[in-house]
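With the first letter of the sequence shown counted as 1, position 453 gets the number 442 in our numbering; the numbers rise by one all the way through. Heads up, the beta-carbon is just placed ideally off N, CA and C, and yes, glycines get one too.
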Amino acid sequence: MTVLRVILGDQLSRDIAALADCDRASDVVLMMEVADETTYVRHHKQKIALILSAMRHFAAELVDAGYRVDYVRLDDPTNTGSFTGEIARAVARHHPDRIVLTEPSEYRVRAMIRAGVIAVELREDTRFFCSEAQFARWADGRKTLRMEFFYREMRRATGLLMDGDTPVGGVWNFDSENRKRLPAGKQPPKRQRFAPDAMTTEVLALVATRFADHFGDLDNFGWAVTRHDALIALGHFIADCLPSFGDFQDAMKAGAPYMYHALLAPALNIGLLNPHEICLAAEAAWRGGRAPLNAVEGFIRQILGWREFVRGVYWHQMPGYAATNALGAQRDLPWFYWSGDTAMNCMAHVVTETRANAYAHHIQRLMITGNFALLAGIAPHQVEAWYLAVYADAFDWVELPNTHGMALFADGGVFASKPYAASGAYIDRMSDYCAGCRYDPKIKLGPGACPFNPLYWHFLIENRDTLAANPRMAMPYRTLAAMAPERVAQISAEAIAFLDGLAG
Ligand code: FAD
Ligand code: DLZ
Ligand code: SF4
């Protein structure tokens, strides 16, 4: 009896459900590089290189461990270019009695496999703390879904950072300590990157040729493409960055794209690391006195809280979720999201770093590119396609709730209790971008005014019907109500002129 065991590009874990009970002598593991997946959005070149190289390394590890692997390369002339086409061809080659696949992480791929003519046994992806069913039980019947309450449940369920029934340190969340600006002269550590080996070098050449017109540079490629290297990256983060992760979690600095962030999401999302071991390593650093509690709790919250929560929201709300547009945003994505060619220094920095590194940290994604898209009323599906393309860690299940829900409020508040809208003052407080900008965050209107200022008030004016009743928006709406009508008119005129200029 032969079982065909299919492993997708983000399922590169030896303990993946599809490999459990694998008979290495008789079963066949199928892995496929397919054109449809490399082009369904115009992925950053580094993202394609990461996935293809990690797939090839994983396949080689399986072969070394005695598995029979059928690996279809992108440049195979007989490659049909799709998962369903390649599964059908593999069935013709191997005549399996059964086909086993771990549930694809994305709605699009799951629907494609389920609609396929070939019957596939789908197994639950057990690499998360919270199953889809568990999340549904927690979410069903709640009026609102809030990460903080979900996170407390997850802390209790896992025992992470718990003393019996109480959170260590006496409180659940140390966020109020995690909003420091980076002091002048403080330099974040140099980051662990991995020089491409022969296999990665071959993939980089393939990507450079075949995806030459995709966004992004390949020069800085240094992502871990094996579990071995991903564990080194984890060790480096825990030792050198975690101690300051909390303090400077929200800080931004020109020329310091990584700050104290983990850079682990690409390895985690494709399965080279698992979330349990990362959280345990962080907890051990605190228990061993190597990192303070505000840093460790803040970091564990990102993985045990936010990452699990966004996945839960995704599967609980899809497919309707992606189609909502609560604020009716319709504007086209400005070209500078690709070129970085804008006088707004903050936007130019984030886009330029994104192009070079396939990375931006959370606050850059949320409060610079996300905030601008929110204030400018850019159509959600265009913003989402951008985020899905440009980051090495981007997969629909995690990108969509973060963009659609957290950054754009396009779900009308399923995910967040209020929009993350901010004027230039916030960016000035949390970064040094404004010092090098043609605009001034302290000028609210008129010549030299930071565009985020009129856009912020214009956003509130335009969305008054939807947002004014939200208690968490009461303060800015009170300020708006107190403004002279001439000032309100000037804000609208300047914002509209700016927005109209984006189309050119
Ligand atoms: P760190 O800041 O060091 O955080 C540690 C880990 O926590 C990350 O590796 C990640 O696994 C997890 N994490 C942190 N915040 C979140 C979050 N909001 N949602 C889910 N996991 C989180 N993350 C992705 O993995 N893929 C995406 O496609 C993605 N798209 C995003 C789009 C927008 C608009 C926003 C605002 C956020 C997005 N995020 C996404 C969340 C977050 O920005 C990234 O996980 C983080 O920047 C990855 O870098 P890091 O590994 O250095 O993370
Ligand atoms: C993102 C991606 C890319 C670029 N290429 C492949 C590929 O060639 N083969 C593959 O198995 N997966 C790839 N992926 C990941 C998939 O698009 C998708 O995210 C996963 O199958 C999860 O649904
Ligand atoms: Fe960005 Fe405004 Fe600051 Fe310029 S002044 S960097 S546009 S926030």
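Q.
Looking only at its chain, what residues have a beta carbon closer than 7 angstroms to the beta carbon of P185, apart from the 5 residues adjacent to it on each side?
A. Correct list, in chain order: L193 and F210.
Q) Exposed or buried, R31, counting other C-beta atoms within 10 Å across all chains shown (16 or more means buried)? A) Residue environment analysis places R31 among the buried positions, since at least 16 neighbouring C-beta atoms fall within 10 angstroms of its C-beta.
Q. Within 10 angstroms of its Cβ, does H393 collect 16 or more other Cβ (buried), or is it exposed?
A. By the Cβ-count criterion, H393 is buried, with 16 or more other Cβ atoms from all chains shown falling within 10 Å of its own Cβ.
Q | Minimum Cβ-Cβ distance from C423 to chain D less than 9 angstroms | A | Absence of chain D from the displayed structure is noted, only one protein chain being present.
**Q.** Proximity winner among T28, W324, R145 and N314, relative to V403 (alpha-carbon distances)
**A.** Of the listed residues, the one whose Cα sits closest to V403 is N314.
Q) Say the cut is 8 angstroms; is the CB of P440 nearer than that to a heavy atom of ligand 3? A) Because some heavy atom of ligand 3 lies under 8 angstroms away, the Cβ of P440 counts as near it: yes.
Q | Local conformation of V109 per DSSP, three classes | A | DSSP places V109 in coil when its eight states are reduced to three.
Q) Can you pull the DSSP bridge partners for L19? A) According to DSSP, L19 bridges with V(-5) and D59.
Q) Would you report the Cα separation of Y409 and A256, rounded to the nearest angstrom? A) Their Cα atoms are separated by approximately 28 angstroms.
Q.
Taking DSSP's pairing of strands, which residues face R320 in a bridge?
A. Paired residues: I367.
Q | Nearest neighbour of N283, chosen from N263, R216 and E166 [CA to CA] | A | Answer by Cα proximity: E166.
Q. Roughly how many angstroms separate the alpha carbons of R180 and A482, rounded to a whole number?
A. Distance between the alpha carbons of R180 and A482 is about 45 angstroms.
Q: Determine the direct distance from the alpha carbon of R(-6) to that of E113, and round the result to whole angstroms.
A: Each residue's Cα considered, the two are about 14 angstroms apart.
Q. At which residues does the alpha helix (DSSP H) containing L220 begin and terminate?
A. From DSSP, the alpha helix (DSSP H) with L220 extends over R216 to H225.
(Q) Buried or exposed, going by whether 16 or more other CB atoms sit within 10 Å of the CB of R45? (A) R45 is buried by the Cβ-count criterion.
(Q) Measuring only the C-alpha atoms, how far is I352 from Y380? (A) Distance from the CA atom of I352 to the CA atom of Y380, rounded to whole angstroms, is 14 angstroms.
Q.
Is it buried or exposed, G153, if we count other Cβ atoms within 10 angstroms and call 16 or more buried?
A. With fewer than 16 other Cβ atoms from the protein chains shown falling within 10 Å of its own Cβ, G153 counts as exposed.
Q: Tell me whether D218 counts as near ligand 1, meaning its Cβ is closer than 8 angstroms to at least one heavy atom of that ligand.
A: Flag unset: Cβ of D218 not near ligand 1.
**Q.** Minimum length 4: unbroken alpha helix (DSSP H) runs contained in the segment 320 to 349
**A.** Considered as a whole, the segment 320 to 349 harbours 325 to 328 and 334 to 346 as its complete alpha helix (DSSP H) runs of no fewer than 4 residues, in chain order.
Q.
Quick check on this structure: which residue in G260, A243, N258 and I227 has the alpha carbon closest to the alpha carbon of A251?
A. Closest option to A251, Cα to Cα, is I227.
Q: Within its chain, find whatever has a CB closer than 8 angstroms to the CB of G235; leave out the 5 residues flanking it on each side and keep chain order.
A: Contacts found: F163, E166, N167, P281, N283, A284, V285, E286, G287 and F288.
Q. What is the DSSP secondary structure of V160, reduced to helix, strand or coil?
A. Note: V160 maps to coil in three-state DSSP.
Q) Between the C-alpha atoms of G329 and A486, what's the straight-line distance to the nearest angstrom? A) Straight-line Cα distance between these residues: approximately 21 angstroms.
Q. In this structure, does DSSP put T155 in helix, strand or coil?
A. In this structure, T155 counts as strand in the three-state DSSP scheme.
(Q) Short of 7 angstroms in beta carbon distance, which residues of its chain neighbour R182, apart from the five on each side in sequence? Order them along the chain. (A) The answer, listed in chain order, is G211.
Q) In chain order, which beta strand (DSSP E) runs of at least 3 residues are fully inside the segment 227 to 270? A) Counting whole runs of 3 or more residues, the segment 227 to 270 contains no beta strand (DSSP E) stretch at all.
Q: Pull up the distance between the alpha-carbon of L41 and that of A318, whole angstroms please.
A: The alpha-carbon atoms of L41 and A318 are separated by roughly 35 angstroms.
Q. Less than 8 angstroms between the CB of I357 and some heavy atom of ligand 2, yes or no?
A. For ligand 2, not one heavy atom lies less than 8 angstroms from the Cβ of I357.
Q) First and last residue of the beta strand (DSSP E) that includes R87? A) Where R87 is concerned, the enclosing beta strand (DSSP E) stretches over R87 to T91.
Q: Assign D202 to one of three DSSP states: helix, strand, or coil.
A: Reduced to three states, the DSSP call for D202 is coil.
Q. Anyone know if the C-beta pair for M248 and P172 falls short of 9 angstroms?
A. In this structure, P172 does not lie closer than 9 angstroms to M248 by Cβ.
Q.
Using 8 angstroms for Cβ pairs, my map puts L434 next to P443. What's the rounded Cβ distance?
A. Right, the Cβ-Cβ distance comes to about 6 angstroms (below 8 angstroms), so this counts as a contact.
Q) Is D53 helix, strand or coil when you go by DSSP? A) It is helical.
Q | Top-ranked residue by Cα proximity to G(-2), from A146, D86, T215 and P66 | A | The candidate whose alpha carbon is nearest that of G(-2) is T215.
Q | Continuous alpha helix (DSSP H) stretch holding M462: start and end | A | Premise fails: M462 is in no alpha helix (DSSP H) and is neither H nor E.
(Q) For P430, which residues in the same chain have their Cβ closer than 8 angstroms to its Cβ, ignoring the five residues on either side in sequence? (A) Excluding sequence neighbours, P430 sits near S412, G413, A414, I416, D417, C423, C439, F441 and N442.
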